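Take a look at the structure set out below.
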Amino acid sequence: MTKSSVSPCMKRAFAVTVFGLGLTGVAQMPIFSRYYIADIPGFGWLGDFVFTHILHYALAGVFLLLAFFFAATFFLNRRPLTTLTASGAIRVALYTALIVTGAVRVVKNISGVYLGETTVMLVDWSHLFVAVLLLLAVSWSRRTARKDFTTS
32 MTKSSVSPCM
42 KRAFAVTVFG
52 LGLTGVAQMP
62 IFSRYYIADI
72 PGFGWLGDFV
82 FTHILHYALA
92 GVFLLLAFFF
102 AATFFLNRRP
112 LTTLTASGAI
122 RVALYTALIV
132 TGAVRVVKNI
142 SGVYLGETTV
152 MLVDWSHLFV
162 AVLLLLAVSW
172 SRRTARKDFT
182 TS
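The sequence shown finishes on residue 183 if you use our numbering, and the numbering steps up by one all the way, no holes.
Below, the structure is given as C-alpha cells:
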C-alpha cells in the first residue's frame, strides 16, 4: 500500500485479525490444553475447540473483508508507477494461499462433502505450512525494514 492509501487504524485492525487467526488456528490443535496453558486463569477459552473454531471462522470473515478492502484500495488508488515490492508480492502470495487452503478446509467441513483422507491431510498440512511461511516472511520483512507492500 502507498503510505496515504490505508489508514493506520485499518492496518492495525488487519494485524490484530491476523494475530487472532494465528492464535485460534494453533488452538485448533490441542496444544494449549496439552501444555496446560488453558489452565492459566483467563486462557481457558484456548482449550475449548468449539469456541476457538467459531472464533477462527469469525476472524476469517473479518480477514477476508480487510484483505479485499486492501486489494480494492491498491487497484483503485494506484499511482502510475506503484508496484508491489518483492516482500509485498511474497506476502500477498502467502495470504492468497492461506485464503485458498482455508476455503477448501471450510468446504471439507460442510455436511455431505467428502474429499478423501489424503486430500484432507494435504490441505490441512498445506494450510499450516503456509501459515508458518507467512510468519517467517512477516518476521523477515519487519527485521530487514521491508515493511511496505508497495513502492511509491
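Even for Gly, the Cβ is constructed at its ideal location relative to N, Cα and C. In this text the structure is predicted, and so the values were computed from the model without any measurement.
Report back the beta-carbon spacing between residue i and residue j to the nearest angstrom; my notes put them in contact at under 8 angstroms.
{"i": "LEU97", "j": "LEU52", "result": "Going by Cβ atoms, the distance from LEU97 to LEU52 rounds to 11 angstroms, so no, they are not a contact pair."}
{"i": "GLY78", "j": "SER64", "result": "4 angstroms"}
Please go through the same chain and pick out, in chain order, the residues whose beta-carbon is closer than 7 angstroms to the beta-carbon of residue i, but skip the five residues on each side of it.
{"i": "VAL86", "result": "Checking the sequence, you will find Leu at residue 86 rather than Val. Within the same chain, LEU86 has close Cβ partners THR55."}
{"i": "ALA44", "result": "LEU97"}
Looking only at C-alpha atoms, which of the options sits nearest to residue i?
{"i": "TYR126", "options": "VAL144, THR149, LEU107 and PHE99", "result": "PHE99"}
{"i": "TRP156", "options": "ILE68, MET41, TYR66 and GLY133", "result": "GLY133"}
{"i": "VAL49", "options": "LEU165, ARG173, VAL37 and LEU107", "result": "LEU165"}
{"i": "VAL135", "options": "THR113, MET41 and TYR88", "result": "TYR88"}
{"i": "ALA102", "options": "ASN140, THR149, MET41 and GLN59", "result": "MET41"}
{"i": "MET60", "options": "LEU146, PHE80 and SER36", "result": "PHE80"}
{"i": "GLY119", "options": "PHE94, LEU146, ASN108 and ARG173", "result": "ARG173"}
{"i": "LEU95", "options": "VAL123, GLY147 and ASP70", "result": "VAL123"}
For residue i, collect the residues of the same chain with a Cβ closer than 8 angstroms to its Cβ; drop the 5 residues on either side in sequence, then sort them by chain order.
{"i": "VAL144", "result": "VAL138"}
{"i": "PHE82", "result": "TRP76"}
Excluding the five sequence neighbours on either side, which residues of its own chain have a C-beta within less than 6 angstroms of the C-beta of residue i, listed in chain order?
{"i": "ILE121", "result": "ALA168"}
For the alpha helix (DSSP H) holding residue i, just list the boundary residues, first then last.
{"i": "ALA134", "result": "117-139"}
{"i": "PRO39", "result": "39-58"}
{"i": "SER142", "result": "Where SER142 is concerned, there is no enclosing alpha helix (DSSP H), given that its DSSP letter is neither H nor E."}
{"i": "GLY92", "result": "80-107"}
{"i": "PHE74", "result": "Segment: none, PHE74 is in no alpha helix (DSSP H) and carries neither H nor E."}
{"i": "SER64", "result": "62-65"}
Within 8 angstroms, do at least three Cβ pairs link the segment 126-136 to the segment 152-171? yes
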